[in-house]
Amino acid sequence: MGLHCMEEHLWKNPRGRGRPISGLEPSTELPWIEGVACQRFFPSREGSRWFEVLRETGKSRKGARLAKLSRPHLSKDVRSLNCEARTHLSDVLEREENYFDQMDQPRTSAKDLGSNALASTGLWPERTQWRIIFENARRDILRAMTRLPDRHSLMSDYVMVQGSRQGDPCIKSSYVDEQKISCTMKALDLVIDRCENTVRHTGRTLLCWLSSPKLHVYRETPFCLVAEKSSETRYRVLEKRFLAFVIRLHRMTNALQGEVANFQLNTVLSARLERLWSHEVWNMFDVSRGLWPDLGNYLCVEETSMALHEGLSSSAENKDEERTGNNYEDDLDPEGKDDDDGDRDWDSEDDELDHDDSAYGSDQAEFSEDTYPELRNQAGGELDIAAFDNFLELLYEVCLTLCTETFISGQPGSTLLVYFSGILGFSKDCQHFLLARQYCPQLSGLIYMQRLLLLERALPLRPYHTIGIPQRPHTQQLERLNEIRADHMVLGSQSPVAELVSLRNFGRTIARTEPPSILFHWSDDGETVSNGSLQLTMDKFRALPVYFTSRAEELCGSLMYGLEPDIDLASVKDDLANSQSGYCFVKHPANGLESAYKELLIRAYSSSKGALARDGHWRWPIVMSYLKQVTELEEMLAGGVYVDDTHGHVLSRLFGMP
């Protein structure tokens, strides 16, 4: 071969016999054509002789080059592979290269919606107009923008999403902005606390008018603060996510706002957000911790104390003077009910966008002159206290601006509140929208928070000096409230709050016609029920009561530490007429069970095996294991009751016993 090349092509191989020298560059001009399948003969490890035809193509060479670049040690092992193995490996590397080529394409998947199937068409999508509002918007970024800051990761930027192409810079919020947002979320709790305090000192008649969706229709059910702490926290988290979304949108450039959200902030809102963002209060405490200074509710103590005194007397007068107006509750739209109890049992997807530090300390403290000097010293003087109060008023002004925006061209989606409410309707993969049944509970939280803000605008307990809102008058409070209701709360008004109420009413009606969240399928022989990959035969179903009962007995024996009280269930007595709080049949004196738990506690403490405490200290791992068994016992009891299908309604009462 070498002689042929020298005589016919005047080419001499510069490389001698043996292995090539490492680092030697290949010759630029070769007297042969590469890529032609050749036949070669060489000895194998087994000592035999065999021929091989090298079927090397352009694609396989491409995969080989990729293998050399990405896996430098692959060439050492590839010699031991046969032809089929090398071909398979080349195909794998080719698919890998194609995958990265696709990843290098623009990331438009978050702008694509699912197919126009039956679930994505109909009255609900037509009413929400989400497909039009979020057309060409990056829904993955919008969803990430609603996430509350993680106070434990405030020293690094918050990366919301990757860039449009591979290698493009990621879209992120700087750690400085995230620190300020985290502090603002804590400050928002103080703003809401003030609004809730106003509700507590407002007459019942005014609160009835506040809950009515119609201007001249009085409603007997007043607007009330939520009783459960979990609901209050959940509603506040919604408002915080809304504010965090708006701030992050404000911090983006105009071009990025259009690319990500296809939305532009109006000049008034932008100016107020910028005024808040550049406030002097940011230089008065350590922002990097992500916590608002612990000033509590002691701001403007003298004015608040006076307002409380006057508010109590005026509210007492209002209860007597304003009990006018006919009861038109029957004329209200039946879907206009504003209580949130109707949403409790509805399904909703958990976005899991809220961090553990989203809780707040909102314990209402008594206003006292004695504690004010201490706070004044901590904050550095009265000027600092005034600066913090000024910031909170500006923060309330921003929240008020967001819930009183006007429609542009009559489109509700042109307001940030309605736009944000649509983001809450994204599915987890941002490819679909939630059903009305899944979505409406979140609307209740938004509506609740906006009514708090609007009542504070109409009848504040104390004045807002910075933004020019006077204190509530002693008379004509209903007229002042109706001015706000007519502009921003009544159905038919061009306001985001009225749109949310209308959308919730419509959603509750549509939810009755939607398919259930879980669909079971029966086999043709009627012996197997399935949901996805989960299957249950009737033989196994008939064995469920035995399983629940036996497992419950086993858990009960373990939890009772061998204690077996002599109880005749037939002789257990109850007092159904006793409506005293905390009463249950366990406390009936004839049953003798009121102090039974003390005997169980002694057993749990003194048991030689698995005692909950020892030497005056709780053994927390064993305590946690005990509580898990309690939860499992409740599950077994619930399973047995539901399989029996006769007394399922007693479960809440059974598990709620002290």
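Going left to right, the sequence shown walks through residues 1 to 658 as UniProt numbering numbers them.
Note that the Cβ used here is the ideal one computed from N, Cα and C, for glycine as well.
All values derive from a computational prediction rather than experimental measurement.
Q. How should A543 be labelled, buried or exposed, when 16 other C-beta atoms within 10 angstroms of its C-beta is the threshold for buried?
A. Taking the first residue of the sequence shown as 1, we reach residue 543 at position 543. Answer is exposed; the Cβ neighbour count stays below 16.
Q.
Let's test the definition: count the other Cβ atoms within 10 Å of the Cβ of W620 and tell me whether it reaches 16, buried, or not, exposed.
A. Along the sequence shown, read from residue 1 onward, the residue named residue 620 stands at position 620. Burial call: exposed.
Q) What span of residues does the beta strand (DSSP E) with Y158 cover, start to end? A) Within the sequence shown, the letter at position 158 stands for residue 158. From DSSP, the beta strand (DSSP E) with Y158 extends over Y158 to V161.
Q) What are the boundary residues of the alpha helix (DSSP H) that I447 is part of? A) The sequence position of residue 447 within the sequence shown is 447, counting from 1. Annotation for I447: the continuous alpha helix (DSSP H) segment containing it runs A436 to A458.
(Q) If you reduce the DSSP assignment to three classes, tell me which class R512 lands in. (A) Position 512 of the sequence shown holds residue 512. Three-state DSSP puts R512 in coil, outside helix and strand.
(Q) Going by DSSP in three states, Y218 sits in which element: helix, strand or coil? (A) Position 218 of the sequence shown, counted from the first residue, corresponds to residue 218. Here Y218 sits in coil by DSSP.
Q. Does the separation of the CB atoms of D568 and F585 fall below 7 Å?
A. Indexing the sequence shown from 1 puts residue 568 at position 568. Indexing the sequence shown from 1 puts residue 585 at position 585. Not a contact, by the Cβ cut-off of 7 Å.
Q: Sort N482, H474 and I423 by Cα distance to R451 and report the nearest one.
A: Indexing the sequence shown from 1 puts residue 451 at position 451. Nearest option by C-alpha distance: N482.
Q | Inter-residue Cα distance where the pair is E228 and R551 | A | Locating residue 228 in the sequence shown gives position 228, where the first residue counts as 1. Locating residue 551 in the sequence shown gives position 551, where the first residue counts as 1. In a straight line, the C-alpha of E228 is about 33 Å away from that of R551.
Q | Sufficient close CB pairs (3 or more, under 8 Å) joining the region 465-481 to the region 503-510 | A | no
Q | First and last residue of the uninterrupted alpha helix (DSSP H) at N254 | A | Counting from 1 along the sequence shown, the entry for residue 254 is found at position 254. First-last of the alpha helix (DSSP H) with N254: N254 to V260.
Q. Buried or exposed: where does Q179 fall if 16 or more other Cβ atoms within 10 Å of its Cβ makes it buried?
A. One-based indexing of the sequence shown puts residue 179 at position 179. Looking at its Cβ environment, which holds 16 or more other Cβ atoms inside 10 Å, Q179 is buried.
Q. Who does H250 pair with in a DSSP beta bridge?
A. For this step, residue 250 is matched to residue 250 along the sequence shown. According to DSSP, H250 bridges with nothing at all.
Q. With a Cβ-Cβ cutoff of 7 Å, do C399 and L454 count as a contact?
A. Taking the first residue of the sequence shown as position 1, residue 399 is located at position 399. Taking the first residue of the sequence shown as position 1, residue 454 is located at position 454. The answer is no: Cβ separation not under 7 Å.
Q. Under a Cβ-count criterion, where at least 16 other Cβ atoms within 10 Å of its own Cβ denotes burial, should L276 be classed as buried or exposed?
A. Mapped onto the sequence shown, residue 276 falls at position 276. Flag for L276 reads buried.
Q) Whose C-alpha, out of G258, G562, V418 and R151, is nearest the C-alpha of I141? A) Here residue 141 corresponds to residue number 141 of the sequence shown, with the count starting at 1. Nearest Cα to I141 within the set G258, G562, V418 and R151: G258.
Q | For T631 and V641, the rounded distance between their alpha carbons | A | If you number the sequence shown from 1, residue 641 lands on position 641. If you number the sequence shown from 1, residue 631 lands on position 631. The straight-line gap from Cα to Cα measures roughly 15 Å.
Q. Between the region 242-256 and the region 264-275, do three or more beta carbon pairs fall short of 8 Å?
A. yes
**Q.** Helix, strand or coil at F426 [DSSP, three-state]
**A.** Counting from one through the sequence shown, the residue named residue 426 turns up at place 426. Correct three-state label for F426: strand.
Q) Going by beta carbon distance, what residues of the same chain come within less than 7 Å of E499, once the five residues before and after it are set aside? A) Here the question's residue 499 lines up with position 499 in the sequence shown. Within the same chain, E499 has close Cβ partners P412 and V418.
Q) Can you round the beta-carbon distance between A436 and E514 to whole angstroms, since I take them to be within the 8 Å contact cut? A) For the purposes of this step, residue 436 is identified with residue 436 of the sequence shown, where counting begins at 1. For the purposes of this step, residue 514 is identified with residue 514 of the sequence shown, where counting begins at 1. Going by Cβ atoms, the distance from A436 to E514 rounds to 6 Å, so yes, they are a contact pair.
(Q) Less than 6 Å between C-beta atoms, sequence neighbours within five positions excluded: which residues of the same chain meet that for L269? (A) Your numbering for residue 269 matches position 269 in the sequence shown. The residues are T401.
Q. How big is the Cα-Cα spacing for A570 and N591?
A. If you number the sequence shown from 1, residue 570 lands on position 570. If you number the sequence shown from 1, residue 591 lands on position 591. Roughly 11 Å separates the two Cα atoms.
Q | Exposure of residue 662, with buried meaning 16 or more beta-carbon neighbours within 10 Å | A | It is not possible to answer for residue 662, since the shown part of the chain is limited to 1 through 658.
Q. Which of helix, strand or coil does DSSP assign to C5?
A. Translated into positions along the sequence shown, residue 5 becomes position 5. Helix.
Q: Note down the Cα distance separating L416 from G557, rounded to an integer number of angstroms.
A: Against the sequence shown, residue 416 aligns to sequence position 416. Against the sequence shown, residue 557 aligns to sequence position 557. If you take the alpha carbons of L416 and G557, they lie about 57 Å apart.
Q | Inter-stretch contact (C-beta, 8 Å, three-pair minimum) for the region 590-605 and the region 559-568 | A | yes
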